[in-house]
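Let me begin by presenting the structure, written as structure tokens, before commenting on it.
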């Protein structure tokens with residue numbers, strides 16, 4: 145958890161990945177436009193749960209379940225909310241929202 149999320153001022157993989165992604169997009173000078181979206185799931189006892197879709201106060205039994213399947217050889221998350229983000233700050237907001245639902 146500490147490696148992924150971070151701990152006491154040390155940013156984890158998720159926050160650092162968001163920073164790196166949007167830094168790379170911002171540095172491009174070729175005029176290519178990007179659309180970035182994210183989902184945030186947690187796997188608990190081999191079951192995936194969507195952390196961006198569930199509401200506060202609900203128990204784990206009512207959390208939206210996410211399944212993974214292959215479509216043309218590519219993994220597809222079914223049941224995971226997908227949120228469009230335009231900046232590192234928007235991505236961090238969604239990340240922190242999902243993290244509070246854990």
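In the working numbering, the protein residues as written are 145 to 246.
Think of the CB as a built atom: it goes at the ideal place given N, C-alpha and C, for glycine as much as any other residue.
Pair within 8 Å by beta-carbon distance, residue i and residue j
i	j	result
residue 246	residue 186	yes
residue 213	residue 222	yes
residue 196	residue 241	yes
residue 148	residue 157	yes
residue 244	residue 179	no
Alpha helix (DSSP H) segment containing residue i, residue limits
i	result
residue 219	Segment 218-222 is the beta strand (DSSP E) holding residue 219; no alpha helix (DSSP H) there.
residue 235	232-244
residue 166	157-171
Cutoff 7 Å; reference residue i; Cβ partners in own chain excluding five residues on either side
i	result
residue 191	209
residue 150	156 and 159
Exposure label - residue i; buried when at least 16 CB within 10 Å
i	result
residue 232	buried
Nonlocal neighbours in the same chain, by C-beta distance under 8 Å from residue i, ignoring five residues either side
i	result
residue 236	159 and 162
residue 211	192, 221, 222 and 223
Spatial distance of residue i from residue j (CA atoms)
i	j	result
residue 204	residue 188	10 Å
residue 172	residue 206	43 Å
Any non-hydrogen atom of the ligand NAP closer than 7 Å to residue i Cβ
i	result
residue 186	In the structure shown, the ligand NAP is absent, as is every other ligand, since no ligand is present at all.
First through last residue of the beta strand (DSSP E) which encompasses residue i
i	result
residue 204	Per DSSP, residue 204 belongs to no beta strand (DSSP E) and is neither H nor E.
residue 187	185-188
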